[in-house]
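Quick mapping for you: the protein sequence lines, in order, are chains A and B.
Note that our numbering gives residue 258 to position 186 of the first sequence, counting from 1, and the numbers run on in steps of one.
Note that our numbering gives residue 301 to position 299 of the second sequence, counting from 1, and the numbers run on in steps of one.
C-beta atoms are modelled at their ideal positions from N, C-alpha and C, and glycine is treated no differently.
The structure appears right after this line, and notes come after that.
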Amino acid sequence: MSSKLRWVWVLGVIVLVAMVVVACAPAAAPTAEEPITLDLHFGTDPPTLDPALGSDTTSIWADEQLYLALTDLDDVTVEAIPELATWEVSADGLVYTFSMRDDAKWVHYDIRIDTVEEVGPVTAHDVVYGTKRTLDPRTGSPYAYVLYLIEGGEDLNTADPDELSEEELQALIDGVGIKALDDYTVEVTLTQSAAFFPAVASMWVMRPMPQATIEEFGEDWVMPGNLVSNGPYVLTEWSHGAMLRFKKNPYYYDADQVQIEAINGPVIMETSTAFALYEAGELDIMADPGWGVPLPDMDRVRADPALSKELSIEPRLCTYYYGFVTTKPPFDNVLVRKAFAAAIDSQALIDNVLKGGQLPAHTFACPGIWGAPVDDMTIAPYLLDIAEGKAKAQEFLAEAGYPNCEGFPEVILMHNISEGHALIAQAIQEMWRENLGCTVKIETMEWSAYLNMLLPDSPDEDKPQIYRLGWCADYPDEANWVGDVFNSKSTQNYAKFFNDEFDAAVEEALGEQDLEKRAALYNRAEHLLIDENMAIAPIYYYTRVNMFKPYLTEHPVNPAGGTVHMDKWVLDWEAKKAALGLE
Amino acid sequence: MLRYIVRRLLVSIPVLIALTFVVFALMRAIPGGPFDFVGDKSLPASVVANLERKYHLDEPLLKQYGRYLWDLLHLDMGPSMRERGRMVNDIVRDNFPVSFQLGAMSVALAVVMGIPLGILAALKQNSWIDYLATFIAVIGVAIPALVLAPFLIWIVGVRLGWLPAALWGAERPFYLGFIPKPTPDFFRHAILPVVTLGTGFTAAIGRLTRAALLQVIREDYIRTARAKGLRERAVVVRHALKNSLIPVVTVIGPLFAAVVTGTFVVEQMFAIPGMGKYYVTAISQRDYPVIMGVTLIYAVLLVAANLLVDMTYAWLDPRIRYQ
Numbered sequence: 073m074s075s076k077l078r079w080v081w082v083l084g085v086i087v088l089v090a091m092v093v094v095a096c097a098p099a100a101a102p103t104a105e106e107p108i109t110l111d112l113h114f115g116t117d118p119p120t121l122d123p124a125l126g127s128d129t130t131s132i133w134a135d136e137q138l139y140l141a142l143t144d145l146d147d148v149t150v151e152a153i154p155e156l157a158t159w160e161v162s163a164d165g166l167v168y169t170f171s172m173r174d175d176a177k178w179v180h181y182d183i184r185i186d187t188v189e190e191v192g193p194v195t196a197h198d199v200v201y202g203t204k205r206t207l208d209p210r211t212g213s214p215y216a217y218v219l220y221l222i223e224g225g226e227d228l229n230t231a232d233p234d235e236l237s238e239e240e241l242q243a244l245i246d247g248v249g250i251k252a253l254d255d256y257t258v259e260v261t262l263t264q265s266a267a268f269f270p271a272v273a274s275m276w277v278m279r280p281m282p283q284a285t286i287e288e289f290g291e292d293w294v295m296p297g298n299l300v301s302n303g304p305y306v307l308t309e310w311s312h313g314a315m316l317r318f319k320k321n322p323y324y325y326d327a328d329q330v331q332i333e334a335i336n337g338p339v340i341m342e343t344s345t346a347f348a349l350y351e352a353g354e355l356d357i358m359a360d361p362g363w364g365v366p367l368p369d370m371d372r373v374r375a376d377p378a379l380s381k382e383l384s385i386e387p388r389l390c391t392y393y394y395g396f397v398t399t400k401p402p403f404d405n406v407l408v409r410k411a412f413a414a415a416i417d418s419q420a421l422i423d424n425v426l427k428g429g430q431l432p433a434h435t436f437a438c439p440g441i442w443g444a445p446v447d448d449m450t451i452a453p454y455l456l457d458i459a460e461g462k463a464k465a466q467e468f469l470a471e472a473g474y475p476n477c478e479g480f481p482e483v484i485l486m487h488n489i490s491e492g493h494a495l496i497a498q499a500i501q502e503m504w505r506e507n508l509g510c511t512v513k514i515e516t517m518e519w520s521a522y523l524n525m526l527l528p529d530s531p532d533e534d535k536p537q538i539y540r541l542g543w544c545a546d547y548p549d550e551a552n553w554v555g556d557v558f559n560s561k562s563t564q565n566y567a568k569f570f571n572d573e574f575d576a577a578v579e580e581a582l583g584e585q586d587l588e589k590r591a592a593l594y595n596r597a598e599h600l601l602i603d604e605n606m607a608i609a610p611i612y613y614y615t616r617v618n619m620f621k622p623y624l625t626e627h628p629v630n631p632a633g634g635t636v637h638m639d640k641w642v643l644d645w646e647a648k649k650a651a652l653g654l655e
Numbered sequence: 003m004l005r006y007i008v009r010r011l012l013v014s015i016p017v018l019i020a021l022t023f024v025v026f027a028l029m030r031a032i033p034g035g036p037f038d039f040v041g042d043k044s045l046p047a048s049v050v051a052n053l054e055r056k057y058h059l060d061e062p063l064l065k066q067y068g069r070y071l072w073d074l075l076h077l078d079m080g081p082s083m084r085e086r087g088r089m090v091n092d093i094v095r096d097n098f099p100v101s102f103q104l105g106a107m108s109v110a111l112a113v114v115m116g117i118p119l120g121i122l123a124a125l126k127q128n129s130w131i132d133y134l135a136t137f138i139a140v141i142g143v144a145i146p147a148l149v150l151a152p153f154l155i156w157i158v159g160v161r162l163g164w165l166p167a168a169l170w171g172a173e174r175p176f177y178l179g180f181i182p183k184p185t186p187d188f189f190r191h192a193i194l195p196v197v198t199l200g201t202g203f204t205a206a207i208g209r210l211t212r213a214a215l216l217q218v219i220r221e222d223y224i225r226t227a228r229a230k231g232l233r234e235r236a237v238v239v240r241h242a243l244k245n246s247l248i249p250v251v252t253v254i255g256p257l258f259a260a261v262v263t264g265t266f267v268v269e270q271m272f273a274i275p276g277m278g279k280y281y282v283t284a285i286s287q288r289d290y291p292v293i294m295g296v297t298l299i300y301a302v303l304l305v306a307a308n309l310l311v312d313m314t315y316a317w318l319d320p321r322i323r324y325q
């Protein structure tokens with residue numbers, strides 16, 4: 073062997089041996105003085121930590137730890153409760169006055185000396201700035217539209233800044249119906265009465281934002297070292313795609329009640345990998361902001377005496393449904409739609425495919441949403457009972473002119489590409505074959521193309537007759553469900569359900585002050601949408617299938633997506649150390 | 003040689019510009035845009051308009067392309083449209099070094115293991131050693147990372163607990179921007195993903211080395227070397243192996259470019275913060291600048307790797323000369 077070549081091989085072998093030797097050295101064990109630490113994971117890198125720009129549960133989870141809101145959502149009832157402020161509403165329901173507490177502080181984490189510093193008080197001016205910033209079209213906030221109910225909000229957000237002078241734009245900003253009456257009082261004027269507004273005030277897009285920091289650092293203001301925040305935790309590290317770390321904010325007004333002192337969260341995009349780390353003891357939870365239990369592991373988890381005790385199934389404010397394109401034959405016939413909806417055995421789907429304790433659905437809005445008539449069993453009760461459903465389905469189909477599905481044209485069920493959606497589609501395809509005698513073709517499409525194809529103004533010939541979709545709450549009120557999704561003008565109205573009575577009901581409900589009347593209007597809307605017209609077939613209400621190590625003694629999970637109050641969690645630190653063999 | 007290199011580099015510039023145009027045209031041809039939806043919801047037209055205006059998507063396509071090229075000339079690959087506030091340059095700076103570390107170690111493993119495996123198999127053709135080496139190579143090629151990764155994670159990481167089941171142990175900052183500190187934690191985390199990614203390459207390189215060596219060893223000049231009375235070892239190493247490495251090097255170039263720019267499956271399975279995910283998610287999210295950026299990085303590395311391969315030919319085979 074030539075001497076050069078020999079050295080290459082020798083070096084290669086030395087490197088390999090060195091790697092193995094070094095790798096076998098024991099990993100550094102945490103010391104006893106380490107803060108009480110929770111190890112969770114993120115299912116994806118948060119696309120942003122700027123509350124004006126958030127639109128996904130991961131970003132919203134982080135916003136919840138970093139920034140306080142005027143109001144909050146109760147972990148059990150999901151009703152709006154005070155956070156930074158209590159509120160009063162005018163008799164006509166148009167003006168909300170928020171009285172803020174004066175002990176909330178802006179803080180800055182100095183990355184060089186690992187210290188949290190107080191910056192100043194959180195005031196009404198910060199709330200006004202934050203709201204107007206979200207509505208400013210130059211910010212490009214994806215969720216700005218939820219603030220259109222504030223006077224002048226829509227005018228500002230829909231303006232084209234390129235077409236306006238600075239003065240004109242400023243006039244629009246000044247015209248937004250939110251103002252600071254003094255340092256700790258915010259007044260918000262709405263375009264119409266909206267009983268759910270306190271819930272909107274809990275959303276990330278309406279949080280106080282630090283104007284000076286944003287103007288100093290631009291889009292980088294959310295990076296550790298720059299970030300000024302006010303929540304129970306501060307951000308100490310954000311290695312994109314790899315790791316986020318938080319530590320307790322000592323200046324948080326309720327800091328004495330915050331037990332977990334540090335939160336570490338690696339970004340793990342693969343659910344089975346996260347679960348492997350959970351089983352290896354490197355993660356304490358399988359829950360938001362990361363993944364729940366992987367579906368293929370559900371049977372094993374349920375059968376395992378130890379793991380099954382760590383399983384925790386919690387409600388989530390989302391509904392899974394199949395929509396019917398009501399303008400496309402044969403689904404332009406309500407009897408056909410009812411037949412296909414009635415032939416779905418949701419409970420069997422949950423028991424055999426989903427396995428996550430989901431609830432069969434018969435309304436669009438799920439339990440926990442204000443005004444959702446989930447207890448009204450006059451709304452398509454046959455959706456909850458397959459014995460009745462099967463008989464009804466055959467009846468409906470025969471009445472539509474297709475007894476035993478004879479002469480029924482080929483129809484397509486489409487879903488976006490996903491293993492989970494495919495399993496559900498196959499199960500329901502089989503139910504339709506068995507209960508109706510109809511064979512339905514399943515097709516899939518990539519997500520972005522799928523949503524574009526479904527838009528109400530896209531051509532019907534490109535669409536399937538049946539499509540799958542889900543809806544999750546932005547805020548827990550029927551206005552955000554039947555009102556936002558299926559009104560005739562909605563771009564989300566993929567079913568093309570155009571019904572004047574329905575439109576009138578949801579419009580009237582939006583401004584109705586009398587809560588009983590308002591609930592009745594939403595009840596009527598759900599009747600029209602499901603029971604009478606079956607524009608969609610609600611299939612199940614979501615759950616979260618979480619796991620928590622036994623040493624997490626308190627871990628409330630709010631049904632609203634992302635709204636997880638880590639400051640209320642309690643971890644038995646001694647038990648965790650013992651479980652990991654660190655003592 | 004220098005003239006050849008300069009000429010090749012100059013030729014690669016129009017190739018890369020053409021590539022940006024093709025990718026730009028292709029990604030705009032597919033339906034959908036970066037701001038069509040959040041989660042399961044589509045956005046109101048007014049909100050989409052604000053976002054499109056912010057990222058200049060409301061401008062004519064040619065103007066957008068011109069703007070992109072102009073920024074590129076200033077080494078600015080633009081902002082990510084889905085990771086708000088993050089530039090594509092930031093993504094490359096943060097994620098490429100990690101992919102490079104994983105990819106380079108995997109290729110190194112493949113070379114160090116694969117070439118001796120191939121030599122052994124060729125020299126002991128049709129013996130049990132050959133059959134064993136071929137068996138290992140076939141297994142290595144046949145088991146995809148998608149299967150090997152969960153197997154290693156479950157057995158070595160979770161059940162035996164010998165090595166970390168996932169995550170990447172490199173501490174930032176990196177030397178020269180991409181070389182990690184050689185800490186035990188780094189190597190402990192690297193072993194499973196490197197083995198997962200490197201196994202297939204080891205097998206492929208082993209099989210290629212065997213085939214090439216078997217062919218070369220039957221050449222006249224090898225017979226001449228043997229006739230001169232050279233020892234078998236000298237014949238194999240000095241005369242046969244060097245020439246038989248040409249097809250191996252040809253494969254290693256593009257392979258290197260492909261793996262150091264990110265491997266989706268291995269990075270995803272081991273939760274490694276590399277560039278691999280962007281090749282998949284950027285397309286599904288229609289994050290146009292990121293699609294352009296990662297494609298461009300891959301193309302530049304491919305051009306560079308191919309040039310290096312061509313230069314290596316001259317060293318391996320003195321008959322090859324560059325004009």
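- Output, in chain order, the set of chain B residues within a Cβ distance shorter than 8 Å of residue 128 of chain A. Neighbourhood of residue 128 of chain A in chain B, by CB distance below 8 Å: 40, 41, in chain order.
- On the premise that residue 120 of chain B lies in contact with residue 53 of chain B, defined as a C-beta separation below 8 Å, what is that separation, rounded to the nearest angstrom? Between the beta-carbon of residue 53 of chain B and that of residue 120 of chain B there is about 54 Å, and that puts the pair past the 8 Å contact cut.
- Message: I'd like to know whether the C-beta of residue 137 of chain A is nearer than 9 Å to at least one C-beta of chain B.
- Response: The beta-carbon of residue 137 of chain A is placed no less than 9 Å from the nearest beta-carbon of chain B.
- Listed from N- to C-terminal order along the chain, which residues in the segment 115–149 of chain B have their beta-carbon within a distance smaller than 8 Å of any beta-carbon of chain A? Answer set for the segment 115–149 of chain B: 118.
- If you follow the alpha helix (DSSP H) that residue 384 of chain A is part of, which residue opens it and which one closes it? Counting along the chain, no alpha helix (DSSP H) covers residue 384 of chain A; the unbroken beta strand (DSSP E) around it starts and ends at 383–396.
- Neighbour flag for residue 37 of chain B against chain A, beta carbons, 9 Å: Chain A contact via Cβ: present.
- List the residues of chain B whose Cβ lies closer than 7 Å to the Cβ of residue 519 of chain A, in chain order. Going along chain B in sequence order, the residues near residue 519 of chain A (Cβ under 7 Å) are 286.
- Query: For residue 307 of chain B and chain A, any beta-carbon pair shorter than 9 Å?
  - Reply: For residue 307 of chain B, the answer is no, since every Cβ of chain A falls outside 9 Å of its Cβ.
- Task: Give the DSSP-derived three-state secondary structure of residue 282 of chain A in the structure shown.
- Result: Assignment of residue 282 of chain A by DSSP, reduced to helix, strand and coil, places it in the coil class.
- Message: Does any residue of chain A have a CB that is nearer than 9 Å to the CB of residue 3 of chain B?
- Response: Residue 3 of chain B does not count as touching chain A.
- Message: Restricting to Cα atoms, I'd like to know which of A/416, A/538, A/450, A/333 is closest to residue 307 of chain A.
- Response: Out of A/416, A/538, A/450, A/333, A/333 has the C-alpha closest to the C-alpha of residue 307 of chain A.
- Please decide whether residue 312 of chain B counts as near chain A, where near means a Cβ-Cβ distance under 9 Å. Taking CB atoms only, residue 312 of chain B has no neighbour in chain A less than 9 Å away.
- Of the residues that make up the segment 519–543 of chain A, which ones have a beta carbon closer than 8 Å to any beta carbon in chain B? Within the segment 519–543 of chain A, the residues whose Cβ lies closer than 8 Å to any Cβ of chain B are, in chain order, 519, 520, 521, 523, 524, 525, 527, 541, 542, 543.
- Could you tell me which residues DSSP puts in a beta bridge with residue 540 of chain A? The partner list for residue 540 of chain A (beta bridge, DSSP) reads A/394.
- So, residue 543 of chain A versus residue 43 of chain B, is the Cβ gap smaller than 9 Å? In this structure, residue 543 of chain A lies near residue 43 of chain B, with their beta-carbon atoms less than 9 Å apart.
- List the endpoints of the continuous alpha helix (DSSP H) containing residue 412 of chain A. Looking at the DSSP string, the run of the alpha helix (DSSP H) that includes residue 412 of chain A is 406–414.
- Task: Pull up the DSSP beta-bridge partners for residue 144 of chain A, would you.
- Result: Per DSSP, the beta bridge partners of residue 144 of chain A are A/153.
- Query: Which ranges would you report for the alpha helix (DSSP H) in the segment 146–176 of chain B if only whole runs of at least 4 residues count?
  - Reply: As far as the segment 146–176 of chain B is concerned, its whole alpha helix (DSSP H) runs of at least 4 residues are 147–154.
- Message: Here's the rule I'm using: 16 or more other beta-carbon atoms within 10 Å means buried, otherwise exposed. How should residue 153 of chain B be labelled?
- Response: Counting other Cβ atoms within 10 Å of its Cβ, residue 153 of chain B stays below 16 and is therefore classed as exposed.
- Grouping DSSP H, G and I as helix and E and B as strand, with all else coil, what is residue 336 of chain A? When DSSP states are grouped into helix, strand and coil, residue 336 of chain A belongs to the strand group.
- Message: Quick check: what's the CA-CA separation for residue 5 of chain B versus residue 103 of chain B?
- Response: Taking the straight line joining both Cα atoms gives about 32 Å.
- Message: On the CB-based measure, 16 or more other CB atoms within 10 Å of its CB, does residue 488 of chain A come out buried or exposed?
- Response: Around the CB of residue 488 of chain A, 16 or more other CB atoms lie within 10 Å, so the residue is classed as buried.
- Measure from the C-beta of residue 205 of chain A to each C-beta in chain B and report whether the shortest distance is under 9 Å. Any Cβ of chain B closer than 9 Å to the Cβ of residue 205 of chain A would place that residue at the interface, and such an atom is absent.
- Contact residues within the segment 308–334 of chain A, judged by C-beta distance below 9 Å to chain B: The segment 308–334 of chain A vs chain B, Cβ under 9 Å: 311, 312, 313, 314, 315.
- Query: What is the residue span of the beta strand (DSSP E) that residue 315 of chain A lies within?
  - Reply: Counting along the chain, the beta strand (DSSP E) containing residue 315 of chain A begins and ends at 315–320.
- Can you give the Cα-Cα distance for residue 201 of chain B and residue 235 of chain B, rounded to whole angstroms? Our two residues, residue 201 of chain B and residue 235 of chain B, have alpha carbons roughly 28 Å apart in a direct line.
- Message: Check this for me: beta carbons of residue 472 of chain A and residue 266 of chain A, under 9 Å apart or not?
- Response: The answer is no: Cβ separation not under 9 Å.
- Please check if any C-beta of chain A sits within less than 9 Å of the C-beta of residue 93 of chain B. Taking 9 Å as the threshold, the shortest C-beta distance from residue 93 of chain B to chain A falls below it.
- Task: In the DSSP assignment, find the beta strand (DSSP E) that holds residue 181 of chain A and state where it starts and stops.
- Result: Residue 181 of chain A -> beta strand (DSSP E) spans 177–182.
- Can you find a CB in chain B that lies within less than 9 Å of the CB of residue 212 of chain A? With 9 Å as the cut-off, residue 212 of chain A counts as an interface residue toward chain B.
- Query: Does the pairing of the segment 121–135 of chain A with the segment 545–562 of chain A give three or more beta-carbon distances under 8 Å?
  - Reply: Between the segment 121–135 of chain A and the segment 545–562 of chain A, the count of Cβ pairs shorter than 8 Å is below three; the stretches do not touch.
- Item | Euclidean distance between Cα positions of residue 111 of chain A and residue 243 of chain A | Cα-Cα distance, rounded: 48 Å.
- Tell me whether the beta-carbon of residue 468 of chain A lies closer than 9 Å to the beta-carbon of residue 407 of chain A. Between residue 468 of chain A and residue 407 of chain A, the gap from beta carbon to beta carbon is short of 9 Å.
- Item | Collapsed DSSP secondary structure at residue 127 of chain A in the structure displayed | In this structure, DSSP gives residue 127 of chain A a state outside helix and strand, which the three-state scheme calls coil.
- Task: Could you name the residues that DSSP lists as bridge partners for residue 571 of chain A?
- Result: Answer by DSSP bridge pairing: none, since residue 571 of chain A is not bridged.
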